[in-house]
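Okay, so here's the structure we're looking at.
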Amino acid sequence: MPSAFSLASTLLRREILDLHAYHVPDSTGYIKLDAMENPYPVPSALRGEIAGVVAAAAINRYPDPGAASLKEKIRCTLDLPDDMGVLLGNGSDELIQLLALALNKPGATLLGLEPSFVMYKMIATFTGMRYVGVPLAADFSLDLPTTLTAIRREKPALVFIAYPNNPTGNLFSAPDVMQIIETAPGLVVVDEAYYAFAADSFIPRLADYPNLLVMRTFSKLGMAGLRLGFLAGRTAWLEQLEKLRLPYNVGVLPQVVAEKLLGHHKILLQQAEQIKLDRAALHRQLGAIAGVQVYPSEANFLLFRAARATEVFDGLKRRGVLIKNLNGGHPMLNNCLRVTVGTPDECAKFVAALLDTLNQLA
Ligand code: PMP
Numbered sequence: 146m147p148s149a150f151s152l153a154s155t156l157l158r159r160e161i162l163d164l165h166a167y168h169v170p171d172s173t174g175y176i177k178l179d180a181m182e183n184p185y186p187v188p189s190a191l192r193g194e195i196a197g198v199v200a201a202a203a204i205n206r207y208p209d210p211g212a213a214s215l216k217e218k219i220r221c222t223l224d225l226p227d228d229m230g231v232l233l234g235n236g237s238d239e240l241i242q243l244l245a246l247a248l249n250k251p252g253a254t255l256l257g258l259e260p261s262f263v264m265y266k267m268i269a270t271f272t273g274m275r276y277v278g279v280p281l282a283a284d285f286s287l288d289l290p291t292t293l294t295a296i297r298r299e300k301p302a303l304v305f306i307a308y309p310n311n312p313t314g315n316l317f318s319a320p321d322v323m324q325i326i327e328t329a330p331g332l333v334v335v336d337e338a339y340y341a342f343a344a345d346s347f348i349p350r351l352a353d354y355p356n357l358l359v360m361r362t363f364s365k366l367g368m369a370g371l372r373l374g375f376l377a378g379r380t381a382w383l384e385q386l387e388k389l390r391l392p393y394n395v396g397v398l399p400q401v402v403a404e405k406l407l408g409h410h411k412i413l414l415q416q417a418e419q420i421k422l423d424r425a426a427l428h429r430q431l432g433a434i435a436g437v438q439v440y441p442s443e444a445n446f447l448l449f450r451a452a453r454a455t456e457v458f459d460g461l462k463r464r465g466v467l468i469k470n471l472n473g474g475h476p477m478l479n480n481c482l483r484v485t486v487g488t489p490d491e492c493a494k495f496v497a498a499l500l501d502t503l504n505q506l507a
């Protein structure tokens, strides 16, 4: 009888065997600044209301497969254009996968920018889609000529642009992104995971382009635990993509809790405004530290560079602060680290731990 190991090695696709799983470190006990979560728990005044809708939810039944009530809430809360559709995902990760599955004709290409969100490449790999990564300029802005040349050469069926970009934090030039959409022969998805912290959006531009969809998530707005993302765009696209969505991909509890929280959208937006202020303060503090280079950000995190970044990361961890080490992940991210903007107290503890670590390494 062959072992499970040898059976798995024989039967599984080569791409899966070669893939490294998306690593999520154990964060128990740390000041958690590694995953771009909103640091503020649900306000206590709202907890009772949430307990109420959870208690009343029909957990014994399958959820509303179309999530009509939640969709309507999203539409009116975010002022989505009336003529655009909405497709819900169990997090936006699921939507990236759904798009790749839908557009993956034999030989079809998914084009991403690099460095950017790693799931674009990872999902291309495990759906068997051809992946092309186009490097950003050294300052992480779009290298427009190189990108347009790559699009003309590779003719990608699917292009992902994170706007703002993760892990660099910057918002690309909108006219550059428009040129990409105009040049691309395929579908362009502008991924606005960090929309709550950014000054611009492509939702008002959906009507201008037949090949544009905008993707968002509520993960960064205080609902990471609910797993809820959506695509907004023309129904000609979304009606087709709906066919691939598994019928009950958003559970009853995420549906009712997200709807309740969106009823208090103002509170979540106030938290985002606070995070933006704290981001500016943290940016100033990091910028004042000798040997630290911090990049501009329109997201709820900051990218910074420091010599011996992996030792800095380990030093922070020993001092109880967990951030993200990007060193070694991509050649352009040499010695780069990414820190989520936490509460003012968490940011202060992070800065103190960083200064202490840098002093020790000096
Ligand atoms: N897009 C971008 C650019 C992200 O940074 C992330 C999360 N890190 C996601 C999508 C996925 O978010 P979620 O699956 O939580 O909706």
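Each residue of the sequence shown is one higher than the one before, starting from 146 at the first, in this note's numbering.
All C-beta atoms in this analysis are idealised placements derived from N, C-alpha and C, irrespective of residue type, glycine included.
> How would you label residue 327, buried or exposed, when you count the other beta carbons within 10 angstroms and need 16 or more for buried?
Replying inline: exposed
> Roughly how many whole angstroms lie between the Cα atoms of residue 228 and residue 507?
Replying inline: 59 Å
> On the premise that residue 260 lies in contact with residue 281, defined as a C-beta separation below 8 Å, what is that separation, rounded to the nearest angstrom?
Replying inline: 7 Å
> What do you reckon, are the CB atoms on residue 181 and residue 452 nearer than 9 Å?
Replying inline: no
>> Rounding to the nearest angstrom, what Cα-Cα distance links residue 425 and residue 431 in this structure?
In response: Distance between the alpha carbons of residue 425 and residue 431: 10 Å.
> How big is the Cα-Cα spacing for residue 234 and residue 316?
Replying inline: 24 Å
> With 16 as the cutoff for other CB atoms within 10 Å, does residue 384 come out buried or exposed?
Replying inline: Under this definition residue 384 is an exposed residue.
> According to DSSP, which residues form a beta bridge with residue 333?
Replying inline: 304, 357
> When DSSP builds the beta bridges, which residues end up paired with residue 481?
Replying inline: 450
>> Suppose only complete runs of 3+ residues qualify. What are the beta strand (DSSP E) ranges in the segment 231-309, listed by chain order?
In response: 254-259, 275-280, 303-307
>> As an exercise, report each continuous alpha helix (DSSP H) stretch of at least 4 residues that is fully enclosed by the segment 392-473, in chain order.
In response: 397-407, 410-432, 454-463
> What does residue 374 pair with, by DSSP beta-bridge criteria?
Replying inline: 234, 362
> Residues in its own chain within less than 6 Å of residue 487 by CB, not counting five upstream and five downstream?
Replying inline: 178, 184
>> One question on the structure: do residue 237 and residue 342 come within less than 9 Å of each other, judged by their Cβ atoms?
In response: No, Cβ-Cβ distance for residue 237 and residue 342 is not below 9 Å.
> Between the segment 322-338 and the segment 297-313, are three or more C-beta pairs nearer than 8 Å?
Replying inline: yes
> Where do the ends of the alpha helix (DSSP H) carrying residue 315 lie?
Replying inline: Note, residue 315: premise wrong, no alpha helix (DSSP H); not H, not E.
> Excluding five sequence neighbours on each side, which residues of the same chain lie with their C-beta closer than 7 Å to the C-beta of residue 103?
Replying inline: Outside the shown range of the chain (146 to 507) lies residue 103, about which nothing can therefore be said.
> Could you give the uninterrupted runs of the beta strand (DSSP E) lying entirely in the segment 146-185, keeping only those of 3 residues or more?
Replying inline: none
>> Alpha carbons only, please: which of 156, 283, 187 is nearest the one belonging to residue 367?
In response: Nearest to residue 367 by C-alpha distance, out of 156, 283, 187, is 187.
> Closest by CA to residue 418, which one among 365, 436, 459?
Replying inline: Ranking the options by Cα distance to residue 418, first place goes to 365.
> Would the segment 190-210 and the segment 404-419 be scored as touching if the rule is three or more Cβ pairs under 8 Å?
Replying inline: yes
> Shortest alpha-carbon distance to residue 391 belongs to which of 190, 147, 207, 200?
Replying inline: 207
>> With three or more C-beta pairs closer than 8 Å as the rule, is the segment 242-261 touching the segment 433-442?
In response: no
> Count the other CB atoms within 10 Å of the CB of residue 158; is the residue buried (16 or more) or exposed (fewer)?
Replying inline: By the Cβ-count criterion, residue 158 is exposed, with fewer than 16 other Cβ atoms from all chains shown falling within 10 Å of its own Cβ.
> Where do the ends of the alpha helix (DSSP H) carrying residue 488 lie?
Replying inline: Boundaries for residue 488: no alpha helix (DSSP H) harbours it, and the DSSP string shows neither H nor E there.
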